[in-house]
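Engineer: Protein chains in written order, with our numbering: chain A, 1 to 474; chain B, 1001 to 1453.
All C-beta atoms in this analysis are idealised placements derived from N, C-alpha and C, irrespective of residue type, glycine included.
Pasting a structure below so you can have a look.
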Amino acid sequence: MSSTPSRFVAYAASEEEIERCARTAKIGEILLEPEWLACQGTLSAERCVDLARSARSHGLRPVLVWDILLPERVMQSLQPSLSSWAWEEFAAVRVCDIGAAQWLRIHRPQMPLQLIVETGNHNEDALRAWCAVFAPALERLILSIEIPEERLIAYARESAVDCEVMGVGRILLFYSPRSLLAPKLLTGSSLQSSDAAGQSSDAAGQPSDAVGQSNDAAGQPSDAADQSSDAAGQSSDAAGQSSDAADQSSDAAGHKAAPVRLEAISGSDLSGYRPLPVLETAHGTFLYLDKDQFILDRLSGLLDAGLWIRLDLRHLRDHSASIAQIDGLVEAMQHDATALRQAWPRPTRAPFFKNNKTTAQFTRLKANHHEQRDEYTLAEVVGVERRRYVVLCALRPFSTEMLYALLLPSGEEILLTDIPIFHDLQGVPRNQWMTDQLLITERIRMACPGALLRGRSKEETTSIPEESPICPTA
Amino acid sequence: MGSVWKPELLAPAKNLERLKVAVRYGADAVYLGGQRYGLRARADNFTEAEIAQGVEYAHQHGVKVYVTLNAFLHDEDFVGFEDFCRFLSSIQTDAVIVSDIGVIQRIKQCCDLSIHLSTQASCLNQYAAQVWKSLGVERLVVGREVSVEEAGAIGQAAEIEIEMFVHGAMCMAYSGHCTISNFTAGRDSNRGGCLQSCRFPYKIEAAPSAQTTDAQSLRIREGLPVASFMSSKDLLGIEQIKAFFVQRICSLKIEGRMKSSFYVATTCKVYRQLIDAYAAGEWSPALLVEARSELEAIPHRTYTSGSLKEAAGEDSVYAPSTEQNDETHRYIGMVLENTPAHYIVRLSTPLAVGDIIEWMPFAKPPIPWRVPQLFTVLGEPCASMRQDSVVCIPKDPSLGHIERLTILRIPQPSSPQHIDTNADNVDILQTAETLHPADIADSEGSEFSDNAR
């Protein structure tokens, strides 16, 4: 571990956190989250720029996090602020919305780009394609923790740009632009004030004149809000607390949002009452797993392949343990990563690090005979009156000589030794049937709605399995 | 003078029967899934033989067919993918619906299928639209978070076709940005295994670390009842028909690839009538009232316009414990065949002599009708017939021409106790107790979310 290069990334929201990052020598860059562009952002615009400058002075690369998704109205409302934003203060920008990446390609083509491809993009073709689309500005792909180690290593080795994966942190399960906690958690009067505030502005904490042009939907100068936000940021960032209410009352997604960051625990009996953390910010509602992703004790292969590792301690900012601080974490990781896992303040897991079997259950989710509805499937049972008659609907033209077996919804195949006599609705026996025509016969043993009558395929003609049950017909 | 421009009406098809129902009830196009590569692991889905049959049937009626390839695939999922795409191309599938840029690349390498971008990709703005267009995408199914006006602006700015969901269940999360099933149940929601955890009732408690600002005297509730807070109401787009025309939204999509023929027939018929009426200058408030009434007939959650007009607010959250939204009608069955003397009907629920049912002709208003007699397929009279049976109903000249695939329904008693969810036939018993009848429509399985698309 001691010989690994500085390929660790961490979040910072205060001078203290930057100093801690700089102290470790393992942290190559820091992620700065302004409230107006980042899902979990707490930094005012000015504060974010100040911290970027501070990071540079400490030899760290400051990376701007712009990870909100951007419905058109939000994109439009952000344009003035984006145009005048202090991009030069940042070494790179990390985006999630493809539209944000495209905006940068057009308006800031020289700005190094880090693309979050954690949702989907679980294949080499996708990663290669994104590299081609956003070259040459693209410097890094942020990969999904649903990709197993073996593939992560392969991607990192084959990718035209650097790759990164989360080494430790809270696992995001759900991102909605809607305000889902405030209506539940806040009392009537608080909610009303939340609504009133939410309507008063549009884009959360957009930069003021000090950094860029102020612009909010209500046409009100945002300096006051930004100043108070900044003050709140200074006073509370170290503790990871939320920013000032005036700043938080806005809503970048155009939704009525809570005026504060709200956090809750949600659990359902139907999923074993796992206590899932929920966070609501001005950008929407976020649900997390009750356990942290943790692979810090299994990094050697990833580091050898050149992957960047993200250390996300944002949810532990109130925690007193030394390993909840970045310098303490890195030190513990270098000393004994296994012990670090055992000492971690929250339950840990890495469910897909060795393999991803999230499709394994699919075969049990539907009737077994569905995939066998091929050109040899001739008719479907649509009605059964026990010991009296069976009604079938022809799925394609056929003659009764072609009939071979009855395929039950369970997948069991019942061979027809004697071909039943079928008649039409007028009671006329027939051998030839047209698509959608109804057939009636007295009995087919085990027939049930949904069962399929099948004809012979080449294989079935040449080898009829002896163990197959035989179906006597009336 | 050329015909008036109209948006396409795009309907879901779980299987061949639904496809034919959609076609007969007015869809301009249908979308369906094959056995793999889509987002409906639980659906029976179409085999290749059935897709070929479906395309042939649809094209005979001037209807287009789009096939969903909208799972986020892992490398190992691509086995057989190119062969399947070449097959789809060979049978003249009109387009495929894709979420994953890697899938797009594979398609472009092996065939010339038209590509539509699934809503699962959450394309939300004109800059993203530019990127997808540059990758060969011909149509965008934009995220449900954008309004009709925004969608129109995206289409205009990027010069690309825009499709929007207009009706049905929807995700609360940004599409493609929910992995609850993946991490809590080991089922990949973005490869077809969504467990609908967002529909569960949850107990919510303010976190010990919750930060609030005393400056605004905010008060946190305590002792909150168990309730759903991530469950979205169902989308209803009938009031935006004019906006769809004005913004030139090229396709209006109905959600529900696992829903019943009753649902498909009703939604197709209603939106067909609204689109045609607006195009013909025959739009009226009364028509809207009638449409709303018809859409109350099918199983659904409380309706919302979602973000079609403005960003969805807190009233878009579905609260099953407090909202009465039971369907006004129940699905009885479908006409399978006509003989000179009888309509032959496949029953999904029991039917008895004396029941007052309603026939749903493809384009005309429903016809209330008392069942005078019933016969078995052997011609024997019977007083009633159970579900999952075939029954013969004597023909009545006053009904006019009742065609094959015509749907029958019966007015529902208002009591929720009368809802027959038929849970025995639901193949996901694990969550059946949490399901809304909308999701167990006529014992045909369920449909909850965007992973529907």
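#1: For the structure I just gave you, are there three or more beta carbon pairs, one from the region 1153-1172 of chain B and one from the region 1234-1245 of chain B, closer than 8 Å?
#2: Give the straight-line distance between the Cα atoms of LEU276(A) and TYR1202(B), rounded to the nearest whole angstrom.
#3: What whole-angstrom Cβ distance do MET1230(B) and LEU425(A) have, given they're in contact under 8 Å?
#4: Quickly, what does DSSP pair PHE1362(B) with across the bridge? List them, please.
#5: Using only the alpha-carbon positions, how far apart do TYR1263(B) and GLU1337(B) sit?
#6: Against chain E, does ALA1312(B) count as a neighbour if the rule is that its beta carbon must be under 8 Å from one of theirs?
#7: Could you list the residues in the region 267-287 of chain A with a C-beta less than 9 Å from some C-beta on chain B, going in chain order?
#8: Do we get a CB-CB distance below 8 Å when we pair GLN1126(B) with the residues of chain A?
#9: DSSP three-state label for TYR1271(B), please.
#10: I'd like the span of the alpha helix (DSSP H) that includes SER81(A), first residue to last.
#11: Using DSSP with H/G/I as helix, E/B as strand and the rest coil, what is ALA225(A)?
#12: Since VAL133(A) meets chain B, which of its residues come closer than 9 Å, beta carbon to beta carbon?
#13: Could you spell out where the beta strand (DSSP E) holding ARG386(A) opens and where it closes?
#14: Note down, in chain order, each residue of its chain lying with its Cβ closer than 7 Å to the Cβ of PRO1368(B), except the 5 sequence neighbours on either side.
#15: In chain B, what lies closer than 7 Å to TRP36(A) by C-beta?
#16: Just verifying my parser: in three-state terms, what is the DSSP assignment at TRP433(A)?
#17: Using beta-carbon positions only, say whether SER1114(B) and VAL1098(B) come within less than 8 Å of one another.
#18: Counting only Cβ pairs nearer than 8 Å, list the residues of chain A close to CYS1178(B).
#19: Based on Cα-Cα distance, which residue from ALA1277(B), GLY1136(B), LEU1124(B) lies nearest to ALA1095(B)?
#20: Which of the three DSSP states, helix, strand or coil, is assigned to CYS393(A)?
#21: So, does the CB of ASP336(A) fall closer than 8 Å to a CB anywhere in chain B?
#22: Does TYR1331(B) come out as helix, strand or coil in the three-state DSSP assignment?
#23: Going by beta carbon distance, what residues of the same chain come within less than 7 Å of HIS423(A), once the five residues before and after it are set aside?
#24: Among GLU149(A), ILE419(A), ALA160(A), whose alpha-carbon lies nearest the alpha-carbon of ALA137(A)?
#25: In whole angstroms, what separates the C-alpha of PRO207(A) from that of GLN1053(B)?
#26: If the cut-off is 9 Å on Cβ atoms, which residues from the region 325-357 of chain A count as contacting chain B, listed in chain order?
#27: Could you check which residue in ARG1386(B), HIS1177(B), ASP1100(B), ALA1297(B) has the C-alpha nearest to that of ASP67(A)?
#28: Spell out a yes or no on whether the region 119-137 of chain A and the region 1144-1158 of chain B are touching, meaning 3 or more CB-CB pairs, one atom from each, closer than 8 Å.
#29: Check the C-beta distance from ALA156(A) over to GLY306(A) and give it rounded, since I have them as a contact under 8 Å.
#30: If you scan the region 1056-1106 of chain B from start to end, which runs of the beta strand (DSSP E) of 3 or more residues do you find wholly inside it?
#31: On the DSSP bridge list, what partners appear for PRO1381(B)?
#32: Below 8 Å on the Cβ atoms is my contact criterion, and I expect VAL1065(B) with LEU1016(B) to pass it. Report the Cβ-Cβ distance as a whole number of Å.
#33: With respect to the beta strand (DSSP E) encompassing LYS291(A), which residues constitute its N-terminal and C-terminal limits?
#34: Report the residue from ILE27(A), PRO112(A), LEU43(A) whose alpha carbon sits nearest the alpha carbon of PRO34(A).
#35: Between TYR476(A) and ARG456(A), what straight-line distance do the alpha-carbon atoms span, to the nearest angstrom?
#36: Could you name the residues that DSSP lists as bridge partners for TRP130(A)?
Structural biologist: So, to answer that:
#1: With a cut-off of 8 Å, the region 1234-1245 of chain B and the region 1153-1172 of chain B count as touching, because enough Cβ pairs lie within range.
#2: One-based indexing of the first sequence puts residue 276(A) at position 276. One-based indexing of the second sequence puts residue 1202(B) at position 202. Whole-angstrom Cα-Cα distance: 10 Å.
#3: Within the second sequence, the letter at position 230 stands for residue 1230(B). Within the first sequence, the letter at position 425 stands for residue 425(A). That pair is no contact at about 50 Å.
#4: On the second sequence, position 362 is the one that residue 1362(B) refers to. Paired residues: none, contrary to the question.
#5: Position 263 of the second sequence, counted from the first residue, corresponds to residue 1263(B). Position 337 of the second sequence, counted from the first residue, corresponds to residue 1337(B). Taking the straight line from one Cα to the other gives about 21 Å.
#6: Although the question refers to chain E, the structure presented lacks it and instead comprises the protein chains A and B.
#7: Identification of residues in the region 267-287 of chain A having a C-beta nearer than 9 Å to some C-beta of chain B yields GLY267, SER268, ASP269, LEU270, SER271, GLY272, TYR273, ARG274, PRO275, LEU276, PRO277, VAL278, LEU279, GLY284, THR285, LEU287, given in sequence order.
#8: What you label residue 1126(B) is simply residue 126 of the second sequence in a count that begins at 1. Yes, GLN1126(B) lies at the interface with chain A (some Cβ there is under 8 Å from its Cβ).
#9: Residue numbering aside, residue 1271(B) sits at position 271 when the second sequence is read from its first letter. The answer is helix: DSSP assigns TYR1271(B) an H, G or I state.
#10: Position 81 of the first sequence, counted from the start, is the residue given in the question as residue 81(A). Run containing SER81(A): 72-84, per the alpha helix (DSSP H) assignment.
#11: Position 225 of the first sequence holds residue 225(A). Caution applies to ALA225(A), whose pLDDT of 35 falls short of 50 and renders its modelled position unreliable; the value that the coordinates give is listed next. DSSP places ALA225(A) in helix when its eight states are reduced to three.
#12: Position 133 of the first sequence, counted from the first residue, corresponds to residue 133(A). Under the 9 Å cutoff, chain B gives ILE1101, VAL1131, SER1134, LEU1135.
#13: Along the first sequence, read from residue 1 onward, the residue named residue 386(A) stands at position 386. Counting along the chain, ARG386(A) falls outside any beta strand (DSSP E), and DSSP gives it neither H nor E.
#14: Against the second sequence, residue 1368(B) aligns to sequence position 368. If we look at PRO1368(B) and ignore the five residues flanking it on each side, its Cβ neighbours are ILE1356, GLU1358.
#15: Residue numbering aside, residue 36(A) sits at position 36 when the first sequence is read from its first letter. Going along chain B, no residue has its Cβ under 7 Å from TRP36(A), so there is no contact; the nearest lies around 16 Å.
#16: Numbered from its first residue, the first sequence carries residue 433(A) at position 433. The three-state secondary structure of TRP433(A), taken from DSSP, is strand.
#17: Taking the second sequence and counting its residues from 1, one reaches residue 1114(B) at position 114. Taking the second sequence and counting its residues from 1, one reaches residue 1098(B) at position 98. Going by C-beta atoms, SER1114(B) is not nearer than 8 Å to VAL1098(B).
#18: Against the second sequence, residue 1178(B) aligns to sequence position 178. In chain order: LEU173, PHE174, TYR175.
#19: Here residue 1095(B) refers to the residue found at position 95 when the second sequence is read from its first residue. Of the listed residues, the one whose Cα sits closest to ALA1095(B) is GLY1136(B).
#20: As a working note, residue 393(A) is residue 393 in the first sequence. Three-state result, CYS393(A): strand.
#21: Counting from 1 along the first sequence, the entry for residue 336(A) is found at position 336. Not an interface residue.
#22: Numbered from 1 along the second sequence, position 331 holds the residue referred to as residue 1331(B). DSSP places TYR1331(B) in strand when its eight states are reduced to three.
#23: Mapped onto the first sequence, residue 423(A) falls at position 423. Counting only Cβ-Cβ distances below 7 Å, and skipping sequence neighbours, we find PRO429, ARG430, ILE440.
#24: Along the first sequence, one-based indexing puts residue 137(A) at 137. Ranked by how close their Cα comes to the Cα of ALA137(A), the residues GLU149(A), ILE419(A), ALA160(A) have ALA160(A) in first place.
#25: On the first sequence, position 207 is the one that residue 207(A) refers to. On the second sequence, position 53 is the one that residue 1053(B) refers to. About 58 Å.
#26: So the list reads ARG349, PRO351, PHE352, ASN356, LYS357, given in the order they occur along the chain.
#27: Translated into positions along the first sequence, residue 67(A) becomes position 67. Closest by alpha carbon: HIS1177(B).
#28: No, because fewer than three Cβ pairs between the region 119-137 of chain A and the region 1144-1158 of chain B fall closer than 8 Å, the two stretches do not touch.
#29: Your numbering for residue 156(A) matches position 156 in the first sequence. Your numbering for residue 306(A) matches position 306 in the first sequence. Taking the Cβ atoms as the reference, ALA156(A) lies roughly 5 Å from GLY306(A), within the contact range of under 8 Å.
#30: You should have 1064-1069, 1095-1098.
#31: Position 381 of the second sequence, counted from the first residue, corresponds to residue 1381(B). DSSP, once it has assigned bridges, lists PHE1375(B) as partnering PRO1381(B).
#32: Numbered from 1 along the second sequence, position 65 holds the residue referred to as residue 1065(B). Numbered from 1 along the second sequence, position 16 holds the residue referred to as residue 1016(B). VAL1065(B) to LEU1016(B), Cβ: 11 Å. No contact.
#33: Within the first sequence, numbered from 1, the residue matching residue 291(A) stands at position 291. In the DSSP assignment, LYS291(A) falls within the unbroken beta strand (DSSP E) covering 284-294.
#34: For the purposes of this step, residue 34(A) is taken as the residue at position 34 of the first sequence. For PRO34(A), the closest alpha carbon among the candidates ILE27(A), PRO112(A), LEU43(A) is that of LEU43(A).
#35: The question about residue 476(A) has no answer, for chain A in this structure spans 1 to 474.
#36: One-based indexing of the first sequence puts residue 130(A) at position 130. Beta-bridge pairing links TRP130(A) to no other residue.
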